[in-house]
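In this note's numbering, the protein residues as written are 220 to 342.
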């Protein structure tokens, strides 16, 4: 293949996630929480197709450091295809009681890095 040639493949990913959780307020501004999630992931592109499912058990802490800024950290045990442990740290900025943005970074024991930004909606 030369530099001016390219291959275009459409890739579709479907993710189903369901879970339960509990939280404990240990100060007026800080919460410890635990979550158990079921995850089903399908990826399809061209002749390639793969499907994985499993569970994620997480323990984390969230703390409001100002009236609208939250810092959080989480440790998760992931049992999807391979078993791994991951650590995530992040910050969330609320614009209203129900709307905010977040950024987080994470790493698992396979030395895979994760970076994420997004919108948080509470209801």
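Glycine is no exception: its CB is placed at the ideal position from the N, C-alpha and C atoms.
DSSP places residue 299 in the uninterrupted beta strand (DSSP E) bounded by 288–299. Looking at the DSSP output, residue 268 shares a beta bridge with 263. For residue 341, there is no enclosing beta strand (DSSP E), as DSSP gives it neither H nor E. Note that the C-beta distance between residue 251 and residue 280 is below 8 Å.
Annotated as distal: residue 260 and residue 228, with beta-carbon spacing of 8 Å or more.
Considering only 223, 341, 298 and 292, the residue with the shortest C-alpha distance to residue 319 is 341.
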